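J.: Count the sequence shown with this note's numbering and you get residues 4 to 232, in order. No residue lacks a Cβ here, since even glycine has one placed at the ideal position from N, Cα and C. On a predicted model such as this, the values are computed, not experimentally measured, just so you know.
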Amino acid sequence: MKDFDLERIFVKEGVRIVHLSGLIAALSPETSNFCLQLARYAKRHGTLISFDLNHRATFWKGREKELKEAFAEIASLSDILIGNEEDFQLCLGVHGPKAGGENIEETIDAFKGMILNARKAFPDVTVFANTLREVISANEHLWGAIVYENENWHVAPLRKINVMDRIGGGDGFVGGLLYAILKGMSSEKWVQFAWASGALATTFLTDYAQPADEEMIWSIWEGNARVKR
4 MKDFDLERIF VKEGVRIVHL SGLIAALSPE TSNFCLQLAR YAKRHGTLIS FDLNHRATFW
64 KGREKELKEA FAEIASLSDI LIGNEEDFQL CLGVHGPKAG GENIEETIDA FKGMILNARK
124 AFPDVTVFAN TLREVISANE HLWGAIVYEN ENWHVAPLRK INVMDRIGGG DGFVGGLLYA
184 ILKGMSSEKW VQFAWASGAL ATTFLTDYAQ PADEEMIWSI WEGNARVKR
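Here it is as structure tokens:
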């Protein structure tokens, strides 16, 4: 933490959202502690905390107990909690549907039940976001999402998307979600903008979407078959 001027970041500049990734939180004992300390500091200063659970088995091997405790504390401090069915179950021990992405459309209620279980465990979280992915083939996926905000459900139904590289779809979703929140969009539009941002990211070889403007994202949500660049 000594490498960062937290007083300037949180007090003078008034950062509005701190986003933490489970990849970084699980990378090493040092990064786990860094994320914990950052979340605690942000909470004290009233900054919104976003936490993408992002479970990776190789990072967790041999550190399961330690990381479950760290992730539980970060989640308890968070305002926005993001993940898929595997993330919520393996990182936080929240009961949910079978991981693996099969027949998701028929089990949406099970995903909603998982989010409600997470809400009971972490009552201070105000926004839960769950990405939905079912793989048809390497280059064709069904992509959807659920956002639960202040007892309101917003669902982006599963739709086919063309995929160049699936890595980054979740990051694109998170980026779109946080952008929509920061821009003051309605919560119904959060899930739409996030869904489309994630869909766009899968058409790039990078781990993030590169939209030209908001119009480009909305054109994807509205069903353009071809992504405009």
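Provide the residue(s) that pair with Y151 in DSSP beta bridges, ordered along the chain.
T.: F131, W156
J.: Give me the Cα-Cα distance between N36 and V194, rounded to the nearest whole angstrom.
T.: Their backbone Cα atoms lie some 31 angstroms apart in a straight line.
J.: Can you tell me whether DSSP reads R11 as helix, strand or coil?
T.: helix
J.: If you follow the alpha helix (DSSP H) that V194 is in, where does it begin and where does it stop?
T.: 190–204
J.: Determine the direct distance from the alpha carbon of D6 to that of I107, and round the result to whole angstroms.
T.: 44 angstroms
J.: With a threshold of 16 other CB atoms inside 10 Å of the CB of W146, please say whether the residue is buried or exposed.
T.: buried
J.: Taking the beta carbon of V230 as the centre, do at least 16 other beta carbons fall within 10 Å, making it buried, or is it exposed?
T.: Only weak support is given to the placement of V230: the predicted model assigns it a pLDDT of 45, under 50, and the value that follows is read from those uncertain coordinates. Taking all protein chains in view, the Cβ of V230 is crowded by 16 or more other Cβ atoms within 10 Å, so the residue is classified as buried.
J.: For N87 and I27, what's the separation of their Cα atoms in angstroms?
T.: 17 angstroms
J.: Return the CA-CA distance between M219 and A29, expressed in angstroms with no decimal places.
T.: 34 angstroms
J.: Can you check DSSP and say which residues form a bridge with G86?
T.: N133.
J.: So, with DSSP's three-state summary, where would you put S31?
T.: coil
J.: In this structure, does DSSP put F54 in helix, strand or coil?
T.: strand
J.: Report yes if the CB atom of T134 is closer than 8 angstroms to the CB atom of N165, and no otherwise.
T.: Their beta carbons are not under 8 angstroms apart, which means T134 does not touch N165 by this criterion.
J.: If you count every other CB in all the chains shown that lies within 10 Å of the CB of Q213, and 16 or more means buried, which is it?
T.: exposed
J.: Could you check how far apart the C-beta atoms of H144 and V150 are, in whole angstroms? I think they sit under 8 angstroms.
T.: Incorrect: roughly 19 angstroms between the Cβ atoms, too far for contact.
J.: If you drop the 5 nearest sequence neighbours on each side, which residues of the same chain put their C-beta closer than 6 angstroms to that of I83?
T.: Around I83: S53, V130.
J.: With contact counted as at least three CB pairs below 8 angstroms, one residue from each stretch, are the segment 109–116 and the segment 91–101 in contact?
T.: yes
J.: Kindly examine the ligand HEM and report whether one of its heavy atoms sits closer than 7 angstroms to the Cβ of L56.
T.: The ligand HEM is not part of this structure, which contains no ligands at all.
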